[in-house]
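Trainee: Here the UniProt record's numbering is used: the first residue of the sequence shown is 1, the next is one more, and so on.
A virtual CB, placed ideally from N, CA and C, is assigned to each residue, including glycine.
Quick one: this structure, given as structure tokens, is what I'll be asking you about.
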Amino acid sequence: MDIKLWQAIIYIVLALIIGAAAGFFIARAWFKNYLKKNPPVNERMIREMMRQMGRTPSEKQVRQVMSSMNQVK
1 MDIKLWQAII YIVLALIIGA AAGFFIARAW FKNYLKKNPP VNERMIREMM RQMGRTPSEK
61 QVRQVMSSMN QVK
């Protein structure tokens with residue numbers, strides 16, 4: 001009876017380790033796919049947003065917006 005208990009404990013620990021490893025790689029693949037579909041904001045996007053709002057941004061304004069966005073992260 002004692003051997004079966006130890007086997008059960010070993011199987012549970014192995015299942016947890018394998019599940020954690022599989023979860024890590026699945027989450028990593030999902031996140032890479034998400035970033036490919038929804039890239040982070042870059043300077044070109046900021047320029048386009050300002051143009052859509054009716055403003056012609058200078059390079060200084062674009063860099064200020066980028067630096068403020070990077071500070072928030």
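Quick one: Cα of Gln7 to Cα of Ile26, how far?
Mentor: For Gln7 and Ile26, the distance between alpha carbons rounds to 28 Å.
Trainee: Classify Met42 as helix, strand or coil using the three-state DSSP reduction.
Mentor: A quick correction: the sequence has Asn, not Met, at residue 42. Asn42 falls in the coil class under three-state DSSP.
Trainee: Please state whether DSSP places Arg55 in a helix, a strand or coil.
Mentor: Coil at Arg55, not helix or strand.
Trainee: Alpha carbon to alpha carbon, what distance is there between Arg47 and Pro57?
Mentor: Pro57 and Arg47: Cα-Cα distance of roughly 6 Å.
Trainee: I need the straight-line Cα distance from Arg51 to Gln71, nearest angstrom please.
Mentor: C-alpha separation (whole angstroms): 23 Å.
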